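**Q** The structure is given below, and queries will be raised subsequently.
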Ligand code: NAD
């Protein structure tokens, strides 16, 4: 259905500093109403070719600027986004379905901070130097930007994750062609409007909108794009790896997770319960770092479950633009159906759904009846082999199961193909260190969740990814190192 009252928002690609219309468009839905409200360019090879050409042409000048000059431009861009924070937050909420509160407090502030952070960190890298006095040689390393970086991002944290790639890529002196998710393209398009004012030269940042199969794959297969930074699903990453292999491209892959939370019987439940609710349901559970397997030690299992379910029921689902709402709409009708199907499968296997989907009724405001909403759902007594305990659901669904010993829970927590993030709750300091070291997970949070120092590596093990991002890691990924030896 089409929204009749409002004119459709029509996006254009941003190539060589100009907005250019496309010959074909994709409909984009407002997840909270089910209406088509925006049209996104359906770019393909031709548009990607033009963008790569522009990025290549801009590379010599941009890469020869000093880090300080680039840093000042990144800071200016951060200021401009921050100045429009409310407009960006409104747009992100409408386009993605996330609550306005989350967009205001997490997505857009983090997009601003991504630029500020890399504007600062780029000034502080040093290279290595060694001496071999016996042969009178000095060795040192030198780092240079690689060229045109292809950046592909998902729909869950649209501007947040796209800027987490654009900022380090251009801070290092690369030029970029970015392809946001076709489902959430609006804030990237809004950012393009600020680039000129920030002083980003034409062609340094190009944004091509469209689907993964057409626009994304054209970028991955382009011979003049030596580097691809991708955040998205493990399945897409496999395809990207195959497609880029003939070109020997450098890949950074940030993928899915099936993140465990381990709650020992000495955990401070007054901290653990509210944080674990957030780690399960924040952003509708559509965060790669969300926990969806909660292992609770037997002695406190029933108390935990009782309190957790009682609190989960208080999460308010509804119109994302209402600042009192905790859970907005899921990204699409298809995704909502997929998430719901997991709950049905769990029930069919004999698990107990304690609240949410299929158990409680969901009352929605009149304007949101066709939106893609779902109640926070807690499932208990799920077998470890169940698809609900093995596959990434990426919605407001979490499984709670009991365990007895430390060894047992580590084995079970590690018993999935993913290895992105884990959360450990215990007041025993020896235990948290011991358990953290044994978990197969790129990130381990103990007695907290989602607290990040961008200086340190971010990324997953196993099927959760290849490579890390962070101050030093992104710098290394977005530059090519050379070792130079001088005999004197
Ligand atoms: P997705 O893999 O479907 O899409 C991600 C991006 O890749 C989109 O821009 C899409 O258009 C593009 N794409 C799809 N097929 C492509 C192809 N063949 N070639 C090139 N590009 C292609 O993922 P999604 O559904 O948008 O996002 C959700 C997934 O992202 C979840 O699995 C989630 O865990 C993961 N994620 C990971 C992180 C992390 O940092 N590890 C962060 C956020 C999301």
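Numbering (our numbering), first residue to last: 7 to 494.
Heads up, the beta-carbon is just placed ideally off N, CA and C, and yes, glycines get one too.
Quick caveat: nothing in here was measured; it's all calculated off a predicted structure.
Quickly, what does DSSP pair residue 258 with across the bridge? List them, please.
**A** Its beta-bridge partners are 235.
**Q** Here's a check: name, in chain order, each residue in its chain whose Cβ is nearer than 7 angstroms to the Cβ of residue 148, leaving out the five neighbours to either side.
**A** 133, 488 and 490.
**Q** Measuring alpha carbon to alpha carbon, tell me which of 260, 251 and 302 ends up nearest residue 273.
**A** Out of 260, 251 and 302, 302 has the C-alpha closest to the C-alpha of residue 273.
**Q** Taking 8 angstroms as the cut-off, does the region 209-226 touch the region 179-188 (at least 3 CB pairs, one atom from each stretch)?
**A** Short answer: they touch.
**Q** Could you check if residue 314 is buried or exposed, using at least 16 other CB atoms within 10 Å of its CB as the buried criterion?
**A** Classification of residue 314: buried, given that the 10 Å Cβ count is 16 or more.
**Q** Is the region 268-286 close to the region 240-258, with three or more CB pairs under 8 angstroms?
**A** Segments in contact, no.
**Q** Note down the Cα distance separating residue 480 from residue 77, rounded to an integer number of angstroms.
**A** Those two C-alpha atoms are separated by around 15 angstroms.
**Q** Please classify residue 262: is it buried, with 16 or more other beta-carbons within 10 angstroms of its beta-carbon, or exposed?
**A** Residue 262 comes out buried.
**Q** From residue 176 to residue 473, what does the alpha carbon distance come to, in whole angstroms?
**A** For residue 176 and residue 473, the distance between alpha carbons rounds to 19 angstroms.
**Q** For residue 329, count neighbouring C-beta atoms within 10 Å of its own C-beta (all shown protein chains included) and say buried if the count is 16 or more, exposed if not.
**A** Residue 329 is exposed by the Cβ-count criterion.
**Q** Near residue 61, which residues of its chain fall below 7 angstroms by C-beta distance, leaving aside the five closest residues on each side in sequence?
**A** The residues are 154, 181, 182, 183, 209 and 212.
**Q** What three-state label does DSSP hand residue 389 in the structure shown?
**A** Three-state result, residue 389: coil.
**Q** Relative to the alpha-carbon of residue 484, which residue among 156, 254 and 12 has its alpha-carbon at the smallest distance?
**A** It is 156.
**Q** Does the Cβ of residue 68 lie closer than 7 angstroms to at least one heavy atom of the ligand NAD?
**A** No, the Cβ of residue 68 stays beyond 7 angstroms of every heavy atom of the ligand NAD.
**Q** Figure out for me which residue from 66, 390, 355 and 121 has the closest Cα to the Cα of residue 513.
**A** Any answer about residue 513 is impossible in this case: the structure gives the chain only from 7 up to 494.
**Q** Quick one: using the 10 Å Cβ neighbour count with 16 as the cut-off for buried, is residue 399 buried or exposed?
**A** So residue 399 counts as buried.
**Q** Tell me the DSSP secondary structure of residue 295 in three-state form.
**A** In this structure, residue 295 counts as coil in the three-state DSSP scheme.
**Q** Less than 8 angstroms between the C-beta atoms of residue 357 and residue 392, yes or no?
**A** A contact, by the Cβ cut-off of 8 angstroms.
**Q** For residue 344, is the beta carbon positioned less than 7 angstroms from some heavy atom of the ligand NAD?
**A** No, Cβ of residue 344 sits at least 7 angstroms from all heavy atoms of the ligand NAD.
**Q** Could you name the residues of the same chain whose beta carbon sits closer than 8 angstroms to that of residue 198, not counting the 5 residues immediately before and after it, in chain order?
**A** Closer than 8 angstroms at the Cβ level, and outside the excluded window around residue 198, lie 20, 25, 211 and 213.
**Q** Could you spell out the range, first to last residue, of the alpha helix (DSSP H) harbouring residue 99?
**A** Taken as a continuous stretch (DSSP letters only), the alpha helix (DSSP H) holding residue 99 covers 91-102.
**Q** Residue 332: which of 167, 306 and 109 sits nearest, CA to CA?
**A** The candidate whose alpha carbon is nearest that of residue 332 is 109.
**Q** Note down the Cα distance separating residue 242 from residue 492, rounded to an integer number of angstroms.
**A** Taking the straight line from one Cα to the other gives about 44 angstroms.
**Q** Between residue 159 and the ligand NAD, is there a pair consisting of the residue's CB and a ligand heavy atom that are separated by less than 7 angstroms?
**A** Yes, Cβ of residue 159 sits closer than 7 angstroms to a heavy atom of the ligand NAD.
**Q** May I have the straight-line CA-CA distance separating residue 343 from residue 68, to the nearest angstrom?
**A** So the alpha carbons of these two residues sit roughly 46 angstroms apart.
**Q** Tell me, which residues are paired with residue 20 by DSSP?
**A** Note: residue 20 sits in a beta bridge opposite 25 and 213.
**Q** Report back the beta-carbon spacing between residue 80 and residue 125 to the nearest angstrom; my notes put them in contact at under 8 angstroms.
**A** Between residue 125 and residue 80 the Cβ distance is about 4 angstroms, and since that is below 8 angstroms, they are a contact.
**Q** Assign residue 138 to one of two classes, buried (16 or more other C-beta atoms within 10 Å of its C-beta) or exposed (fewer than that).
**A** Result: exposed.
**Q** Span of the beta strand (DSSP E) holding residue 319?
**A** No beta strand (DSSP E) holds residue 319; DSSP gives it neither H nor E.
**Q** Relative to the C-alpha of residue 39, which residue among 401, 100 and 407 is closest?
**A** Per the Cα distances, 100.
**Q** For residue 202 and residue 196, what's the separation of their Cα atoms in angstroms?
**A** The straight-line gap from Cα to Cα measures roughly 12 angstroms.
**Q** Between which residues of its own chain and residue 361 is the CB-CB distance below 8 angstroms, once the five residues before and five after are set aside?
**A** 315, 318, 319, 381, 382, 383 and 384.
**Q** Identify the continuous alpha helix (DSSP H) that holds residue 201 and give its terminal residues.
**A** Run containing residue 201: 192-204, per the alpha helix (DSSP H) assignment.
**Q** Specify, as a first and last residue, the run of the alpha helix (DSSP H) that residue 341 falls within.
**A** Start and end: 339-354.
**Q** With H, G and I counted as helix, E and B as strand and the rest as coil, what does DSSP make of residue 360?
**A** Residue state, collapsed to three classes: strand.
**Q** Let me know the secondary structure DSSP gives residue 405 once reduced to three states.
**A** Of the three classes helix, strand and coil, the one that applies to residue 405 here is strand, per DSSP.
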